[in-house]
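If you're matching them up, the sequences are chains A and B in order.
The first sequence begins at 1 in the numbering used here and counts up one residue at a time.
The second sequence begins at 1001 in the numbering used here and counts up one residue at a time.
Glycine included, every Cβ here is placed at the ideal spot set by N, Cα and C.
Data first, discussion second: the structure below is written as structure tokens.
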Amino acid sequence: DSGVTQTPKHLITATGQRVTLRCSPRSGDLSVYWYQQSLDQGLQFLIQYYNGEERAKGNILERFSAQQFPDLHSELNLSSLELGDSALYFCASSTSGMSSYEQYFGPGTRLTVT
Amino acid sequence: GNSVTQMEGPVTLSEEAFLTINCTYTATGYPSLFWYVQYPGEGLQLLLKATKADDKGSNKGFEATYRKETTSFHLEKGSVQVSDSAVYFCALRGDDMRFGAGTRLTVKP
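Below, the structure is given as structure tokens:
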């Protein structure tokens, strides 16, 4: 158990809908990262927050947004969902935003768009 | 931009065989390098890391050396076990995090 929790574990929704994925980092970790894992694209970095502020942005679509709250939990919002958004979404946390610090991954949320 | 290339799988080995999974990278500056492992139905777990050139990361019998001259970070294990069956990801952390495509390893008894 990494100490990172994600809810829900599974989510099934229809095209055009909007969903929110939630992540609670390990106790004391200030950085939260979001990743998308799909069969065709592999594991892709979406976005990083550090202590409430956006720190780095990867291949995140404009339909997607995220935020980190004062209690350090984070939410990833996915809107106008398309079939291609079906994937595993992972959250990870680390103590610092620095490159040498390892990230601890949550168990993931499996999103299925029908 | 930064990128990671790792050998494509799947890789199938017999128990106690020697394992090498190749990983090369392209990066500006001085990135940190990682190997992560993903067991079925789980998230990624850090296996080992190296933060500067010539560093050797090691854990659970796995090793990888940060080679700046060849821009490589190959994963090795002298004797694999059935329990090592998983997907292995090479990763680079510079301005952002980049992962390789993953290599699925199956170890047969």
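Between the C-alpha atoms of residue i and residue j, what's the straight-line distance to the nearest angstrom?
| i | j | result |
| --- | --- | --- |
| S1014(B) | G28(A) | 42 Å |
| Q1045(B) | A1027(B) | 23 Å |
| E53(A) | R63(A) | 19 Å |
| L1047(B) | Q103(A) | 11 Å |
| E1008(B) | L30(A) | 34 Å |
| Y1030(B) | D1095(B) | 10 Å |
| E1042(B) | D1054(B) | 31 Å |
| L21(A) | L76(A) | 5 Å |
| A87(A) | G1078(B) | 34 Å |
| T5(A) | V32(A) | 12 Å |
| R1104(B) | P107(A) | 19 Å |
| R26(A) | S2(A) | 8 Å |
| V19(A) | L78(A) | 5 Å |
| C23(A) | T112(A) | 18 Å |
| S1072(B) | Q1038(B) | 21 Å |
| H10(A) | Q68(A) | 21 Å |
| L72(A) | L1075(B) | 34 Å |
| S65(A) | W34(A) | 10 Å |
| P1109(B) | S1083(B) | 10 Å |
| A92(A) | F105(A) | 4 Å |
| N51(A) | Y1036(B) | 25 Å |
Name the two residues that bound the continuous beta strand (DSSP E) containing residue i.
| i | result |
| --- | --- |
| T109(A) | T109 to V113 |
| I47(A) | G42 to Y50 |
| A1091(B) | A1086 to R1093 |
| L21(A) | V19 to S24 |
| K1056(B) | K1056 to N1059 |
| H10(A) | H10 to T13 |
| M1007(B) | Segment: none, M1007(B) is in no beta strand (DSSP E) and carries neither H nor E. |
| T1070(B) | Run containing T1070(B): none; DSSP gives neither H nor E here. |
| R63(A) | Where R63(A) is concerned, there is no enclosing beta strand (DSSP E), given that its DSSP letter is neither H nor E. |
| E1016(B) | Looking at the DSSP string, E1016(B) is not in any beta strand (DSSP E), and its letter there is neither H nor E. |
| N77(A) | S74 to L78 |
| S1083(B) | Where S1083(B) is concerned, there is no enclosing beta strand (DSSP E), given that its DSSP letter is neither H nor E. |
Looking only at its own chain, which residues have a Cβ that is under 6 Å from the Cβ of residue i, when we skip the five neighbours before and after it?
| i | result |
| --- | --- |
| K1049(B) | F1034 and G1057 |
| S1032(B) | T1051 and R1093 |
| I12(A) | T112 |
| S38(A) | A87 |
| Y1068(B) | The amino acid occupying residue 1068(B) in the given sequence is Lys; Tyr does not appear at that position. A1053. |
| P59(A) | A small correction: the amino acid at residue 59(A) is Asn; Pro does not occupy that position in the sequence shown. Correct list, in chain order: Q44. |
| G1061(B) | K1077 |
| T95(A) | D29 and Y101 |
Keeping to the same chain, check which residues put their C-beta closer than 8 Å to that of residue i; ignore five residues upstream and five downstream.
| i | result |
| --- | --- |
| G1100(B) | V1004, T1005, Q1006, C1023, F1089, C1090 and A1091 |
| R55(A) | S31, Q48, Y49 and G97 |
| V1011(B) | L1019, I1021, T1103, R1104, L1105 and T1106 |
| N1002(B) | Y1025, T1026, A1027, T1028, P1031, L1092, G1094, D1095, D1096 and R1098 |
| A14(A) | L81, V113 and T114 |
| E1063(B) | L1048, K1056, G1057, L1075, E1076 and K1077 |
What residues in its chain sit with their C-beta under 7 Å from that of residue i, if we drop five residues either side in the sequence?
| i | result |
| --- | --- |
| K57(A) | I47 |
| D85(A) | L78, L111 and V113 |
| Q36(A) | Q44, L46, A87 and Y89 |
| G16(A) | S80 and L81 |
Relative to chain A, which residues along the stretch 1040 to 1051 of chain B have a C-beta separation below 9 Å, given in chain order?
G1041, E1042, G1043, L1044, Q1045, L1046, K1049 and T1051
Taking any Cβ of chain A, which residues in the stretch 1076 to 1098 of chain B have a Cβ under 8 Å from it, in chain order?
F1089, R1093, G1094, D1095, D1096, M1097 and R1098
Contact residues within the stretch 1059 to 1073 of chain B, judged by C-beta distance below 7 Å to chain A
none
Contacting positions in the stretch 1019 to 1030 of chain B - beta carbon closer than 8 Å to chain A
none
Give, in chain order, every residue of the stretch 49 to 63 of chain A whose Cβ lies closer than 7 Å to some Cβ of chain B.
A56 and G58
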